[in-house]
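What follows is a set of notes on a single structure, which appears directly below.
Residue numbers (my numbering): 27 to 174.
Written as structure tokens, this is what we have:
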């Protein structure tokens, strides 16, 4: 079971030497997967990125100049105590994962992080000069009539 002192999460540097970091964690690594994607360079590429983010539980980030699609979904074998239900037969990628560079800390930031398609639109508009009469945004709605 995850060890927490009171309501405070134990910091990595407070964990006793030789202790298993996973015993203090809520299994963040088992609650998403991230896949590298081609670096978007054109408006069309960014439109595909917008499409990804129109789906629930998806976001995108850039780390070390590599773009990733992040899917927020929990592994179906993660148990209530934050342990793996198939530990002995887990996939190789899980076997190779170490806590050396895991995301135990909550203060990690990315070079770029996109949670909504609107954020992608703003990024594109800042990065590319606007094309006259062409926008990724929905058209401005008509004004409401004023009642007299």
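Every residue, glycine too, gets a C-beta built ideally from N, C-alpha and C.
- Item | Cβ-based neighbour list, residue 131, same chain, cut-off 7 angstroms, excluding 5 preceding and 5 following | 38
- By how many angstroms is the C-alpha of residue 166 removed from the C-alpha of residue 49? 52 angstroms
- Query: Are the C-beta of residue 164 and some C-beta of chain B separated by less than 8 angstroms?
  - Reply: Given the protein chain composition of this structure (a single chain), no chain B is represented.
- Query: Just the Cα atoms here: how many angstroms apart are residue 126 and residue 47?
  - Reply: 10 angstroms
- Message: Rounded to whole angstroms, what is the Cα-Cα separation between residue 101 and residue 169?
- Response: 47 angstroms
- Message: Please report the straight-line C-alpha distance between residue 172 and residue 164, rounded to a whole angstrom.
- Response: 23 angstroms
- Task: Within its chain, find whatever has a CB closer than 7 angstroms to the CB of residue 88; leave out the 5 residues flanking it on each side and keep chain order.
- Result: Around residue 88: 136, 137, 138.
- Cβ-based neighbour list, residue 66, same chain, cut-off 6 angstroms, excluding 5 preceding and 5 following: If we look at residue 66 and ignore the five residues flanking it on each side, its Cβ neighbours are 72, 75.
- Item | Selection from 82, 56, 40, 141 that minimises the alpha carbon distance to residue 106 | Comparing Cα positions, the closest option is 56.
- Residues bridged to residue 85 [DSSP beta-bridge criterion]: 96
- Item | Contact check, residue 86 vs residue 154, beta carbons under 8 angstroms | no
- Query: Going along the chain, which unbroken runs of the alpha helix (DSSP H) with 4 or more residues stay wholly within the segment 94-161?
  - Reply: Counting only runs of 4 or more, we get 118-122, 143-153.
- Query: When the Cα atoms are used, what is the spatial distance from residue 142 to residue 109?
  - Reply: 31 angstroms
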